[in-house]
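Trainee: The opening residue of the sequence shown carries number 44 in our numbering; numbering runs sequentially from there.
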Amino acid sequence: MYRIGYGEDIHRLVEGRKLILGGVDVPYHKGLLGHSDADVVCHALCDAMLGALALGDIGSHFPDTDEKFRGANSIDLLKEVNILIHNAGYEVNNVDVSIALEKPHLRLHILAMQKKICSAINAPISCVSLKAMTNEGLDSIGRGEACRAIAVVLLKRI
Numbered sequence: 044m045y046r047i048g049y050g051e052d053i054h055r056l057v058e059g060r061k062l063i064l065g066g067v068d069v070p071y072h073k074g075l076l077g078h079s080d081a082d083v084v085c086h087a088l089c090d091a092m093l094g095a096l097a098l099g100d101i102g103s104h105f106p107d108t109d110e111k112f113r114g115a116n117s118i119d120l121l122k123e124v125n126i127l128i129h130n131a132g133y134e135v136n137n138v139d140v141s142i143a144l145e146k147p148h149l150r151l152h153i154l155a156m157q158k159k160i161c162s163a164i165n166a167p168i169s170c171v172s173l174k175a176m177t178n179e180g181l182d183s184i185g186r187g188e189a190c191r192a193i194a195v196v197l198l199k200r201i
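#1: Report buried or exposed for M92, applying the criterion of at least 16 other Cβ atoms within 10 angstroms of its Cβ.
#2: Please look up how many angstroms separate the CB atoms of E188 and L56, rounded, as I've assumed it's under 8 angstroms.
#3: Can you have a look at D182 and say buried or exposed, based on whether 16 or more other CB atoms are within 10 angstroms of its CB?
#4: By Cβ distance, which residues of its chain are closer than 6 angstroms to A175, with the 5 residues on each side in sequence left out?
#5: According to DSSP, D68 sits in a beta bridge with which residue or residues?
#6: Are the region 123-138 and the region 76-96 touching by the rule of at least three beta carbon pairs closer than 8 angstroms?
#7: Suppose the cutoff is 6 angstroms on Cβ atoms and the five residues either side in sequence are ignored; what does the same chain contact list for D107 look like?
#8: Given a threshold of 16 other Cβ atoms within 10 Å of its Cβ, counted over all protein chains shown, does D109 qualify as buried or as exposed?
#9: Excluding five sequence neighbours on each side, which residues of the same chain lie with their C-beta closer than 7 angstroms to the C-beta of H54?
#10: Just to confirm, is the Cβ distance from A192 to V67 under 7 angstroms?
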């Protein structure tokens, strides 16, 4: 049996924070604002995985009102979600993630992100697709104010 999940996350870009995407520290003068490391790639993927099994969302498992998640490494959250889906009798078949960010360009960081995500969800690199895009100067992303990630996941019964 297969289950499909969809997840999406967006965070504001601000001075004084690291830009962490897919578990990778991307050099840039701005980072994403959030309670944890604000990694929109991992957050969208967590939501997709949880949603595929109707297990709620990232906020219900790792609430931003809980101080123990302040500054949390989102790759660690992704690992925890992977344990939850494994305990429910599923594993990741494949994931597809789109990252919308005007700057910096992510092409040189995609492979490192794939490797981090693959390690966290125990999947081969051929099962993790990451794509970067800009918003062509449109909306908050296009103005360089935010970053969004959209994830789709296919889970299969173990």
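Cβ atoms here follow ideal geometry from the backbone N, Cα and C, with glycine treated the same way. Because the structure is a prediction, the values reported are computed rather than measured.
Mentor: The answer reads as follows:
#1: Counted from its first residue, the sequence shown places residue 92 at position 49. Buried: at least 16 other Cβ atoms inside 10 Å.
#2: Here residue 188 refers to the residue found at position 145 of the sequence shown. Here residue 56 refers to the residue found at position 13 of the sequence shown. Right, their Cβ atoms sit about 6 angstroms apart.
#3: Counted from its first residue, the sequence shown places residue 182 at position 139. Of the residues assessed, D182 falls on the exposed side of the cut-off, its CB having fewer than 16 other CB atoms within 10 angstroms.
#4: If you number the sequence shown from 1, residue 175 lands on position 132. So the list reads I142, L149, once near-sequence residues are dropped.
#5: If you number the sequence shown from 1, residue 68 lands on position 25. Partner(s): I63.
#6: yes
#7: Residue numbering aside, residue 107 sits at position 64 when the sequence shown is read from its first letter. The answer, listed in chain order, is H78.
#8: Here residue 109 refers to the residue found at position 66 when the sequence shown is read from its first residue. So D109 counts as exposed.
#9: Here residue 54 is taken as the residue at index 11 of the sequence shown, counted from 1. Here the set comprises L75, L76, G77, A81, V83, A189, C190.
#10: What you label residue 192 is simply residue 149 of the sequence shown in a count that begins at 1. What you label residue 67 is simply residue 24 of the sequence shown in a count that begins at 1. No, the Cβ-Cβ distance between A192 and V67 is not below 7 angstroms.
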